[in-house]
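Written out below as structure tokens is the structure these notes cover.
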Amino acid sequence: NVCTMIASSSDEDDVDEAGDVDEHAQELLSIYQRSEQTYSTTTAPSPSVSPSLHTPSPTLSVVSDATLQEQQEDDERRERLQLYIFVLRCIAYPFNARQPTDLARRHARVSKQDLVKIKQRFEDFLKGDTKIASDEAFYNAVRAYFDIFICSERVQKMVISGGCSSNDFREVFKAMIEKRVRSLPEIDGISKETVLSSWMAKNDAIFRGEDDPKKGPRIAASAASELILSKEQLYEMFQTILGVKKYEHQILFNACQREDLVERGLIRERLIRERAYQREGLSERGFIREKAYQREDLIERERGFIRERAYQREDLVERGLIRERLIRERAYQREGLSEGGLVRERVIIKPIPGGSEQPELYDVVTPKGWAGDKIKLKIAVKMDKPVNLKKCGMIYVQGKTVWKKWKKRFFVLVQVSHYTFAMCSYREKSAEPTEMMHLEGYTVDYCEAVSGEEHKGGKFFFKAVKEGDQVLFATDEELERQIWVNKLYTATGQSHKPIAPNLSAISVQPHVSNTLTRLQGDHDRARKHGLEDLIQADPSFFNHHVLFEKLQLLTLTHRLNDSYSCLGWFSPGQIFVLDEYCARYGVRGCHRQLCYLSDMLDRAEAGVMIDPTLLHYSFAFCASHVHGNRPDGLGTITVDEKTRFEDIKIRLWNLLAYQITRFRYSFPFGRPEGALKATLSLFERVMMKDISTPVPPEEFRKEIRSCLHQAALVNYTRVSAYAKIEESSGNHVSPETKLNDIMHLAELCIDLLHQNEEHHAEALAWVSDLMVEHQEIFWSLFTVDMDAALAAQLPDTWESFQLFQLLNEYLCNDTNLNRGKFHRHLRDMFAPLVIRYIDLMESSIAQSLHKGFQKENWTPLREGCRASEDLFWKLTVLQQFIAELNWPDEVLASHLMKRLKLMASDMVQSCVKRTKAAFDKWLKQTSFSLELLVPRTVCVMLNVVIQAKKQSRFLCAREESESCEYRYHSDVNIFLKDVIQEMFSSFISKLNTVLESLLSKMARYDQGSILAPMFSLRNPGTELEESYLNFVKLNLESFRDYLNDEKMKKQLIKDWYTSIITKIYDWLSDRMNMALHQYQVQTLHALAAELPQFVNEDLSSSRAIYSCTYKTMFSRIRLEDAMLKGQSIYGAEDQSYPGEDGEDDGKETESSDEEALIRLETGN
13 NVCTMIASSS DEDDVDEAGD VDEHAQELLS IYQRSEQTYS TTTAPSPSVS PSLHTPSPTL
73 SVVSDATLQE QQEDDERRER LQLYIFVLRC IAYPFNARQP TDLARRHARV SKQDLVKIKQ
133 RFEDFLKGDT KIASDEAFYN AVRAYFDIFI CSERVQKMVI SGGCSSNDFR EVFKAMIEKR
193 VRSLPEIDGI SKETVLSSWM AKNDAIFRGE DDPKKGPRIA ASAASELILS KEQLYEMFQT
253 ILGVKKYEHQ ILFNACQRED LVERGLIRER LIRERAYQRE GLSERGFIRE KAYQREDLIE
313 RERGFIRERA YQREDLVERG LIRERLIRER AYQREGLSEG GLVRERVIIK PIPGGSEQPE
373 LYDVVTPKGW AGDKIKLKIA VKMDKPVNLK KCGMIYVQGK TVWKKWKKRF FVLVQVSHYT
433 FAMCSYREKS AEPTEMMHLE GYTVDYCEAV SGEEHKGGKF FFKAVKEGDQ VLFATDEELE
493 RQIWVNKLYT ATGQSHKPIA PNLSAISVQP HVSNTLTRLQ GDHDRARKHG LEDLIQADPS
553 FFNHHVLFEK LQLLTLTHRL NDSYSCLGWF SPGQIFVLDE YCARYGVRGC HRQLCYLSDM
613 LDRAEAGVMI DPTLLHYSFA FCASHVHGNR PDGLGTITVD EKTRFEDIKI RLWNLLAYQI
673 TRFRYSFPFG RPEGALKATL SLFERVMMKD ISTPVPPEEF RKEIRSCLHQ AALVNYTRVS
733 AYAKIEESSG NHVSPETKLN DIMHLAELCI DLLHQNEEHH AEALAWVSDL MVEHQEIFWS
793 LFTVDMDAAL AAQLPDTWES FQLFQLLNEY LCNDTNLNRG KFHRHLRDMF APLVIRYIDL
853 MESSIAQSLH KGFQKENWTP LREGCRASED LFWKLTVLQQ FIAELNWPDE VLASHLMKRL
913 KLMASDMVQS CVKRTKAAFD KWLKQTSFSL ELLVPRTVCV MLNVVIQAKK QSRFLCAREE
973 SESCEYRYHS DVNIFLKDVI QEMFSSFISK LNTVLESLLS KMARYDQGSI LAPMFSLRNP
1033 GTELEESYLN FVKLNLESFR DYLNDEKMKK QLIKDWYTSI ITKIYDWLSD RMNMALHQYQ
1093 VQTLHALAAE LPQFVNEDLS SSRAIYSCTY KTMFSRIRLE DAMLKGQSIY GAEDQSYPGE
1153 DGEDDGKETE SSDEEALIRL ETGN
């Protein structure tokens, strides 16, 4: 039996266009082929033995390696050709399968070269070498994306594995910037979705670089076109897969097409004979017996019928030519004469685009009966050539579907688009082509000369061949043929380059005009190339399971190397061919999936990215056969398949465990999307003993726990190797270097766990408790290196606290690891260091406080002096440092902060006491006089005390004991308040000694004093009150300039001013019963008038300046002054006080002089 291509009715119509002659020729060829096949089968080996696809091996005892290699290559080539013949039949006439249209879209794969280009483009953007506008936030996002993702070693491995697509780059960037965009502050008029879209557009622009912006949509269209492939595209694909050359495909296809005609002729012959013998009453056996006797008679009758039809056809052609010649002659006669019978001459020029521009001689058409000489004109013609016209000229042509009649036509080779060309034929005076042929899928080549009446006129032949079609061309010159062939070769884009034959070797073929020779041409060429036995081989003699396994392997290899990130999924066209092959040649579905699984496992074990969902589908299909639980109830399996399934199951188990153990590197950044989750699901499916019994949860968790424990070791080993932590573990490395290295390692570990949480937490959510164990084991491995680095540190060094802060902050923010095993170890490791650090800092601060105030010269520095600033800075930094440690143990943390605040209270009190001691010493050693100007150092002392009060608000703590008798530390705020009040009081008392001295001098003028008459004899002048006023004024300015706290400054000035007024008031009260001397009145009046002006800018309230005491005092002075001048005491009743604006903050009204006298008399 000959396995033939099943032709559809539409294909039969295309083949039978040649007419009845071709039908009989095909039938005759069928009979001839059957006789030839019968002879070959009688000498063939028995059907039980598979035919060999190669020639017998040499019988020599010793065969060279080169010969063996050459023979193996030839065997491989012939096997692939035989396999291609089977595939060819599946594609040409499928009857079992269709191309699926519901497959997921595959994105373009990123290769290593693409990754280098992408890196360069992002580097150019970060350097500012692109025109893409960006702000700081987008720049920082791209910088993080470039450093974390693009430059990652895991991305490079993912690219090498073939599982990285351009969509993965885009999705990872989108996931990374979403958190950044959500954390940005709101912008009026711009939503965060708009910002996110803008950033994605900019990222796409960077990713494309200088390429065409339309490249993305073009790639998408190409991916969509992969859903449905034409037969020509399938032929080209499997030519590439099986390594079949284009010319081999053409020969095989045409030979198989002829084989199909033969087979259909045999079928038709059988049907005719069956019907004839049925009419004659013969049985099938009788038909078989009569078959051999009737063969020769049938051949002779068919040959005679073909010859008769051929003669009839030639007669029709001849009569058509005669009729055409008569019509042409009559037309020439009509064109040669004018309407009046006058003779006219003309020149017929037929220029072609791109022709010669040199002058040429053209014949002048003369009318009939012209007796003169032949006339020629020399004319130069220039015709512009269109851009899309590649070649034009007159050539002979004949085809099957177009240009069916052998005729010389004017042809134009037109470029329709960038990759599309067409051959168009034109008639004279016609702008539209009469017929045209697209060159896509055609192969052009030189051919031998074809003789006969049917191809009369052409000398040099070439042809364009396509599946089921052949167009024959001929030119008058060899150079013209070569030009046409080269142009068509460029237009078709074929891989086989035509080679011009040697003209001397061209032999003129004998005259063969029958159709049988033309149909057998491809058959002869197939025999010439050694392909005849492959075409005629019986498919039933082959082991198609072995052939299909090889076909599927080669198809998978081709698929994994194409431009799409397929992850092992076949394209729709490949699935269609493989399905058709299995259905046509009986390949078992379980065997197919087992081979598929084995091939994918080979790739996955070699590091190629394979979709676990695809593995799951294939494994479930095979498992349903093995366990006998097919939904259709038709599952069967062989012993070999079951054995192979068990081996594949073990391999798949090991692969999945390996991938889960290395989930960070097998599925970097969570790509491909959902792959890790699908892997866990497949692992659970593989662990099932049969298709219906689920795996006990304890067993599955046990396996996952084991994988995650190993994953912790793998992750830490790789990250520590990246940090080169082993190189810093030797004794030759300094402790500082070891600490820096362990700090760097801790940062890498935290980043690693953050990435695992971001990209893999969703897939591992159903085993989240196992992930917590995985993280604890990971940190326990880090503990070994951390403890070794801390043990190498020198005693009483505190740089390691940075490591504690880094780790403690991460652990406190992670709810699963907070107060876990590693967190507790970290706390226990650093607790002694913290306590030791606080002890040393307390001792150090106390010593610096003691030495600082011993050497203090009270030079102002910011808000205090050098010693106080140093003290408060150390206390503040120490408390901030302990607070930033965020100690995980609340009891110890509360104890540490309480201790620091109590320590600060002691330090503040000590500082204030030392300052007060220095202040008291100055008061004791200084003699106060009118010439005294309070030095700046005294103001600095006051500033230190005031600064201590401010700092104590947050440095010092109040004890919360209910009873004061149980307090160990006194309240620092009460202490500071008392000290400030005492210092102000003693300072003002000292300042008032100057006023007391002035008042004692004026007391010498008291009425009734022994020395009063003597002092009254001379005029004392105003020197005394001016000196005192100058003393007050200068010291007030000193207070304003050197005291820092405004509140305390005003309080000091107010207390001093009030004490001065009170002193004068008391002095006047003591002299209520005596009249004042003119000098006394003059001096006191000057003081009472000027002092309010000095404090007016410090005391904003008029009540504070013009108090009742002041008003009483000033009224007495005015009264005494009026009495001395002999004026009425009631005349000054309406006079205001010096400097008063007439307004009073209180509700009191001005007192008259009589009321003032009453107050002085009563002592109020």
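In terms of our numbering, the sequence shown has 31 at position 19, counting the first letter as 1, and numbering is strictly consecutive. We put the beta carbon where it would ideally sit given N, CA and C, even for glycine.
Query raised in the report: Based on Cα-Cα distance, which residue from I1076, M841, N1108 and Y374 lies nearest to K1062?
Result: Counted from its first residue, the sequence shown places residue 1062 at position 1050. The option with the nearest alpha carbon to K1062 is N1108.
Requested in this report: Indicate, with yes or no, if the ligand SAM has a heavy atom lying under 8 Å from the CB of K124.
Outcome: Among the components of this structure there are no ligands whatsoever, and the ligand SAM is therefore not found.
Requested in this report: Going by DSSP, name the residue or residues bridged to A120.
Outcome: Here the question's residue 120 lines up with position 108 in the sequence shown. Beta-bridge partners of A120 (DSSP): Y576.
Requested in this report: Report the rounded CA-to-CA distance for D481 versus F422, giving the unit in angstroms.
Outcome: Numbered from its first residue, the sequence shown carries residue 481 at position 469. Numbered from its first residue, the sequence shown carries residue 422 at position 410. One Cα belongs to D481, the other to F422, and the distance between them is close to 21 Å.
Query raised in the report: Hey, how far is the Cα of S964 from the Cα of T809?
Result: Counted from its first residue, the sequence shown places residue 964 at position 952. Counted from its first residue, the sequence shown places residue 809 at position 797. Near 29 Å, if we compare the C-alpha coordinates of T809 and S964.
Query raised in the report: Are V207 and L563 close, meaning C-beta to C-beta below 9 Å?
Result: Along the sequence shown, one-based indexing puts residue 207 at 195. Along the sequence shown, one-based indexing puts residue 563 at 551. Result no, Cβ atoms of V207 and L563 do not sit closer than 9 Å.
**Report entry** Beta-bridge partners of D375, as assigned by DSSP
**Finding:** Residue numbering aside, residue 375 sits at position 363 when the sequence shown is read from its first letter. Looking at the DSSP output, D375 sits in a beta bridge with K388.
Query raised in the report: Helix, strand or coil: which one does DSSP assign to Q532?
Result: Within the sequence shown, the letter at position 520 stands for residue 532. Note that Q532 has pLDDT 48, beneath the 50 cutoff, so the model's placement of it is unreliable and no number is given.
Query raised in the report: Roughly how many whole angstroms lie between the Cα atoms of A109 and H261?
Result: Position 97 of the sequence shown, counted from the start, is the residue given in the question as residue 109. Position 249 of the sequence shown, counted from the start, is the residue given in the question as residue 261. Distance between A109 and H261, taken at the CA atoms: about 23 Å.
**Report entry** Cα-Cα separation between K204 and K143, rounded to whole angstroms
**Finding:** Position 192 of the sequence shown, counted from the first residue, corresponds to residue 204. Position 131 of the sequence shown, counted from the first residue, corresponds to residue 143. Roughly 24 Å separates the two Cα atoms.
Query raised in the report: What residue does the beta strand (DSSP E) around R421 start on, and which one ends it?
Result: The count along the sequence shown starts at 1 and reaches residue 421 at position 409. From DSSP, the beta strand (DSSP E) with R421 extends over K419 to Q427.
Query raised in the report: Are the beta-carbon atoms belonging to Q1243 and M853 less than 9 Å from one another?
Result: The structure shown does not extend to residue 1243, since the chain is modelled only from 13 through 1176, so no value can be given for it.
Query raised in the report: Taking the runs of the alpha helix (DSSP H) that are 4 residues or longer, which of them lie wholly in the region 1003 to 1088?
Result: Listed in chain order, they are 1024 to 1028, 1035 to 1054 and 1058 to 1082.
Query - Proximity to R923 [Cα-Cα], best of V889, L861, V409 and K886 - result: Within the sequence shown, residue 923 is the residue found at index 911, counting from 1. Sequence inspection shows Cys at residue 923; the Arg mentioned does not correspond to that position. It is L861 whose Cα lies nearest to the Cα of C923.
**Report entry** For Q817 and V889, the rounded distance between their alpha carbons
**Finding:** Here residue 889 is taken as the residue at index 877 of the sequence shown, counted from 1. Here residue 817 is taken as the residue at index 805 of the sequence shown, counted from 1. Taking C-alpha positions only, V889 is separated from Q817 by approximately 15 Å.
Query raised in the report: What did DSSP end up calling T54 once you bin it into helix, strand or coil?
Result: Walking along the sequence shown from the start, residue 54 turns up at place 42. In this prediction, T54 has a pLDDT of 35, which is less than 50 and means its spatial position is unreliable; nothing more can be read from the coordinates.
Query raised in the report: How would you label H771, buried or exposed, when you count the other beta carbons within 10 angstroms and need 16 or more for buried?
Result: Residue 771 sits at position 759 when you count from the first residue of the sequence shown. Its Cβ being crowded by 16 or more others within 10 Å, H771 is buried.
Report task. For the alpha helix (DSSP H) containing K925, list its first residue and its last residue. Result -> As a working mapping, residue 925 is identified with position 913 in the sequence shown. Element bounds for K925: E902 to Q937.
Query raised in the report: Can you list, in chain order, the residues of its chain whose CB lies under 7 Å from that of M17, leaving out five sequence neighbours each side?
Result: Here residue 17 refers to the residue found at position 5 when the sequence shown is read from its first residue. Confidence at M17 is low in this model, with a pLDDT of 33, below 50, so the placement of that residue should be treated as unreliable; the coordinate-derived value is given next. Spatial neighbours of M17 in its own chain (CB-CB distance under 7 Å, excluding positions within 5 residues in sequence) are listed in chain order as R101, A104, Y105, C268 and D272.
Query raised in the report: With distances taken from CA atoms, which of L579, N1004, D840 and D763 is nearest R117?
Result: As a first step, residue 117 must be located in the sequence shown, where it is residue number 105. Measuring from the Cα of R117, the nearest candidate turns out to be L579.
Report task. Could you tell me the distance, in whole angstroms, from the CA atom of S1009 to the CA atom of I857? Result -> Residue numbering aside, residue 1009 sits at position 997 when the sequence shown is read from its first letter. Residue numbering aside, residue 857 sits at position 845 when the sequence shown is read from its first letter. Taking the straight line joining both Cα atoms gives about 46 Å.
Report task. Classify F966 as buried or exposed, calling it buried when 16 or more other Cβ atoms lie within 10 Å of its own Cβ. Result -> Within the sequence shown, the letter at position 954 stands for residue 966. By the neighbour-count rule (16 or more Cβ atoms within 10 Å), F966 is not buried but exposed.
Query raised in the report: CB-CB under 7 Å to L764, same chain, minus the five flanking residues each way: which ones, in chain order?
Result: Here residue 764 refers to the residue found at position 752 when the sequence shown is read from its first residue. If you ignore the 5 residues before and after L764, its C-beta comes within less than 7 Å of the C-beta of N727 and V731, all in its own chain and listed in chain order.
Query - Three-way DSSP call (helix, strand, coil) for V558 in this model - result: Translated into positions along the sequence shown, residue 558 becomes position 546. Three-state DSSP puts V558 in a helix.
Query raised in the report: Which residues bound the alpha helix (DSSP H) around Q94?
Result: Sequence index remark: in the sequence shown, residue 94 carries index 82 (1-based). Run containing Q94: D77 to A104, per the alpha helix (DSSP H) assignment.
Query raised in the report: Per DSSP, what kind of secondary structure is G405 in: helix, strand or coil?
Result: To locate residue 405, count along the sequence shown from 1; it is residue 393. Three-state result, G405: strand.
Query raised in the report: Can you tell me whether DSSP reads H786 as helix, strand or coil?
Result: As a first step, residue 786 must be located in the sequence shown, where it is residue number 774. The three-state secondary structure of H786, taken from DSSP, is helix.
**Report entry** For F681, three-class secondary structure by DSSP
**Finding:** Start at 1 with the first residue of the sequence shown, and residue 681 comes out as number 669. Here F681 sits in helix by DSSP.
Requested in this report: With a cut-off of 8 Å on the beta carbons, I'd call F472 and E489 a contact; round off their distance for me.
Outcome: For the purposes of this step, residue 472 is identified with residue 460 of the sequence shown, where counting begins at 1. For the purposes of this step, residue 489 is identified with residue 477 of the sequence shown, where counting begins at 1. Contact holds; Cβ gap of about 7 Å.
Query raised in the report: Which two residues bound the contiguous alpha helix (DSSP H) that contains F842?
Result: Taking the first residue of the sequence shown as position 1, residue 842 is located at position 830. Segment K833 to Q866, the alpha helix (DSSP H) holding F842.
Query - beta strand (DSSP E) segment containing E696, residue limits - result: For the purposes of this step, residue 696 is taken as residue 684 along the sequence shown, with counting starting at 1. For E696, there is no enclosing beta strand (DSSP E); the enclosing alpha helix (DSSP H) covers residues A687 to M699.
Query raised in the report: Opposite K456 in the DSSP bridges: which residues?
Result: The sequence position of residue 456 within the sequence shown is 444, counting from 1. Lys is not the amino acid found at residue 456; the sequence shown has Val there. A476, per the DSSP bridge assignment.
Query raised in the report: Around the Cβ of T10, are there at least 16 other Cβ atoms within 10 angstroms (buried) or fewer (exposed)?
Result: The chain is shown only over 13 to 1176; residue 10 falls outside these bounds and no answer can be derived.
Query - Own chain, CB closer than 8 Å to M395, minus 5 neighbours either side, in chain order - result: Locating residue 395 in the sequence shown gives position 383, counting from the first residue. Excluding residues within five positions, the ones whose Cβ falls inside 8 Å are P363, I364, P365, G366 and G367.
Query raised in the report: Can you name, in chain order, every residue of its own chain whose Cβ lies under 6 Å from the Cβ of F485, other than the five neighbours on each side?
Result: Against the sequence shown, residue 485 aligns to sequence position 473. Close CB contacts of F485 within its chain, under the 6 Å cut and outside five residues either way in sequence, are with I407, V409 and F474 (chain order).
Report task. Compare the C-alpha of L1007 against each of K186, D983, Y1040 and E183 and name the closest. Result -> As a working mapping, residue 1007 is identified with position 995 in the sequence shown. With distances taken between Cα atoms, L1007 lies closest to Y1040.
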